[in-house]
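Chemist:
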Amino acid sequence: MDKLKQENAQIRDKMFLGHCQFLMGGAAMWAVLCVILGYYIPALVPLAYIGFTLLNCAVKRDSAKPHLQVFVQMFFSMAMPMIFQMAMGGREESGLVMFWSFVPLVVISGYYRRQRSIFWLAFLITAMTAMIVYDPAWSKGSIVLHHGSVQSTLLAVNIGSVALVIFSAALMFVRTQGRSRKKTYALQDRLESAHSLIAQRNDHLEKSMLYAQRIQRALMPEQTGVDDVFSERFLWIKQKELVGGDSVWCVKKDDVVAMALVDCTGHGVPASLLSVTVHEILTNGFKQAGVEGPAALINFLYQRMEARLRNSDGLWNDNAEIAVVEFNRKDGSVCFAGTAMSMFVSSPSGIQRIKGAGPIFTSDQAHSLASQDQYVKLDPAGTSLYLYSDGVVDQFNQDRTERFGSSRLQDLITSVAHLPMDRQQECIVETMEDWKRNAMQTDDLTLTGLRLSPAFLGLSTQVKAA
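Shown next, in the form of structure tokens:
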């Protein structure tokens, strides 16, 4: 846009300079003609115009307000032929030399916008009407033309030269506009080609992202073979982009079912690739390395992530917030550990929030989590667990004046905990959408609900009784 404005300004400057050159050429012609005919005093008018125009163009080049110089030049370009006619003794003696005032009008029509052009047209019509009606002269009859043929010659010169100059100015205007139009068409073609290329690449990128989304969803656990642990469950994930850093991991080994909610740094493709790395490390640690306990598994994760992702400066910028829950099908125990994540535990007796540790930035910090496994107190009458990413509680409302917050989420879960899990998900999604409305989604949103089965809750009771 700035380049287009600059080109338009250059075109207007060329038209202005062309206008000055045409009128200075006409003024020089009349100065020479006056000298030849012996009209020395009237010859000073076109010479003065030439000097003024040269000075005004020089001032305009370095002026902070070039439009002022253009206005003054247009005014004197219209006024000069009328002044010259008065110096020559009137319309008959000069052969209507005021016709030269039409030349700047042609330039004005292409230089200024419509409203200003109309102003100049009205000014010219008014001035020429006054010149025709009153025919003012500095000294009427002071210049005596002895032969009527001289008047006819001057009139013919005026009409012919004005017509030639107007035609030349119009031709220059048309050629300038033609070149500008060609540049515009060429630019338009380039823009259309670029738009087509961008559309093709965007389509290819969108298809690739959709395929990546399918792959990421395929990595989500199906949670098959865990019906003895969960009687009902739901998983709500709404990524900020097609793919994101929020994911759920679930793996079984012997009598233990391990589940994790992972929130990787960032959004989009980088975060989704990081989540794949996290899944691979968690699976390796739980199944192959034999890591036991949620806190120990988190410690294992951060050690491996730091080793893999440390940059050349020795810094570790890529991170993940995580909540890990292990369900022991042998003794009916539930153990939780988390970093920058919490878990809600709902039962008929009320709802409890179990907080994880703070954010982890180094493996040394993660190592201190080994003693922070938290066993969940289960209610045989019914217990449900809820894991969520920080995108849920950090989501702004429509006015961006308030976040959803943990307290509001806790109240929401309390109000729907008695409902079936699929109905709970519907109510939670409706509430979040009503809260957000037209506001921008600030982060990936993930919330999962797990209702422990009566059989699993019975194991805990049996172990305690034994």
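Each residue of the sequence shown is one higher than the one before, counting from 0 in numbering that gives the first Met the number 0. Glycine included, each C-beta is placed from N, C-alpha and C at the ideal position.
1. If you compare alpha carbons, which of D12, V242 and L218 is closest to E205?
2. I'd like to know whether the C-beta atoms of S348 and D378 end up nearer to each other than 7 Å.
3. Counting C-beta neighbours from all protein chains within 10 Å, is the total for E320 16 or more, i.e. buried, or is it exposed?
4. Taking the alpha carbon of A26 as the point to measure from, which residue in A42, D12, Y38 and I35 has its own alpha carbon closest?
5. Whole angstroms is fine: what's the gap from A257's alpha carbon to V250's?
6. Mark Q287 as exposed unless 16 or more other C-beta atoms lie within 10 angstroms of its C-beta, in which case mark it buried.
7. Would you mind reading off the limits of the alpha helix (DSSP H) that contains E279?
8. Looking only at its chain, what residues have a beta carbon closer than 7 Å to the beta carbon of Y133, apart from the 5 residues adjacent to it on each side?
9. Return yes when the Cβ of L104 is within less than 7 Å of the Cβ of L123, no when it is not.
10. Closer than 6 Å by C-beta to C263: which residues in its own chain qualify, once you throw out the five before and the five after it? Chain order, please.
11. Below 7 Å CB to CB, which residues in the same chain sit around A438 once its five sequence neighbours on both sides are set aside?
12. Please return the same chain residues whose Cβ sits closer than 6 Å to the Cβ of Q84, not counting the five positions on each side in sequence.
13. Below 8 Å, can you find three or more Cβ-Cβ pairs linking the segment 382-394 to the segment 403-419?
14. Starting from Q397 and walking both ways along the alpha helix (DSSP H), at which residues does that stretch end?
15. From A431 to Q440, what distance separates their C-alpha atoms?
16. Could you give the C-beta distance for P45 and A57, rounded to a whole number, given that I count them as a contact under 8 Å?
17. Tell me where the beta strand (DSSP E) around W434 begins and ends.
18. Taking contact to mean 3 or more Cβ pairs, one atom from each stretch, closer than 8 Å, check whether the segment 206-215 and the segment 421-429 are in contact.
19. Kindly indicate which three-state DSSP category L241 falls into: helix, strand or coil?
20. Measuring only the C-alpha atoms, how far is L446 from M340?
21. Candidates M219, I40, A47 and V228: which alpha carbon is nearest A78's?
22. How many angstroms separate the CA atom of K237 from the CA atom of A217?
23. With a 10 Å radius around its C-beta and 16 neighbouring C-beta atoms as the bar for buried, classify K182 as buried or exposed.
24. Using a 10 Å radius around the Cβ and a threshold of 16 neighbouring Cβ atoms, would you call N201 buried or exposed?
25. Excluding sequence positions up to five away, which residues of its chain have a Cβ less than 7 Å from the Cβ of D421?
26. When you compare only the Cα positions, how much space is there between G292 and V247?
27. Return the chain-ordered list of same chain residues with a C-beta closer than 6 Å to the C-beta of N55, the five sequence neighbours on each side being excluded.
28. Using the rule of at least 16 other Cβ atoms within 10 Å of the residue's Cβ for burial, across every protein chain shown, is Q423 buried or exposed?
29. Assign M14 to one of two classes, buried (16 or more other C-beta atoms within 10 Å of its C-beta) or exposed (fewer than that).
30. Alpha carbon to alpha carbon, how far is A454 from V255?
31. If distances are taken between C-alpha atoms only, which option among P358, Q9 and Y184 comes closest to R60?
32. Bridge partners of K252, per DSSP?
33. CA-CA distance, V277 and F299?
34. Is W99 helix, strand or coil by DSSP?
35. Opposite I263 in the DSSP bridges: which residues?
36. Measure the alpha-carbon distance for R189 versus R11 and round it to whole angstroms.
Modeler: Looking at the atomic coordinates:
1. For the residues D12, V242 and L218, the minimum Cα distance to E205 belongs to V242.
2. Taking 7 Å as the Cβ cut-off, S348 and D378 qualify as a contacting pair.
3. The Cβ neighbour count for E320, taken over all protein chains shown within 10 Å, is at least 16; the residue is labelled buried.
4. Closest in alpha carbon position to A26, among A42, D12, Y38 and I35, is A42.
5. Each residue's alpha carbon lies about 5 Å from the other.
6. Flag for Q287 reads exposed.
7. From DSSP, the alpha helix (DSSP H) with E279 extends over G267 to T282.
8. Excluding sequence neighbours, Y133 sits near nothing in its chain.
9. Closer than 7 Å, so yes.
10. Contacts found: G244, A270, L273, S274 and A319.
11. Cβ within range, chain order: F395, N396, Q397 and R399.
12. Taken in chain order, the residues that qualify are S93, V96 and M97.
13. Taking 8 Å as the limit for Cβ pairs, the verdict is that the segment 403-419 does touch the segment 382-394.
14. Run containing Q397: none; DSSP gives neither H nor E here.
15. Strictly speaking, residue 431 in this sequence is Met, with Ala absent from that position. Roughly 11 Å separates the two Cα atoms.
16. No, P45 and A57 are not in contact; Cβ-Cβ is about 19 Å, not under 8 Å.
17. Segment M420 to K435 is the alpha helix (DSSP H) holding W434; no beta strand (DSSP E) there.
18. For the pair of segments examined, the segment 206-215 was found not to touch the segment 421-429: the number of CB pairs separated by less than 8 Å stays below three.
19. Taken through DSSP and simplified to helix, strand or coil, L241 comes out as coil.
20. Rounded to whole angstroms, L446 to M340 spans 12 Å at the Cα level.
21. When only C-alpha atoms are compared, the closest one is A47.
22. Taking the straight line joining both Cα atoms gives about 15 Å.
23. That one is exposed.
24. Result: exposed.
25. Answer for D421: F233, listed in chain order.
26. Inter-residue distance for G292 and V247 is about 18 Å (C-alpha atoms, whole angstroms).
27. The answer, listed in chain order, is Q68 and Q72.
28. Result: buried.
29. With 16 or more neighbouring CB atoms inside 10 Å of its own CB, M14 falls in the buried class.
30. As the crow flies, the alpha-carbon of A454 is around 15 Å from that of V255.
31. Of the candidates P358, Q9 and Y184, the one whose C-alpha sits nearest the C-alpha of R60 is Q9.
32. The partner list for K252 (beta bridge, DSSP) reads V255.
33. So the alpha carbons of these two residues sit roughly 11 Å apart.
34. The answer is helix: DSSP assigns W99 an H, G or I state.
35. Here residue 263 turns out to be Cys, not Ile, going by the sequence shown. C263 is bridged to A319.
36. Distance between the alpha carbons of R189 and R11: 25 Å.
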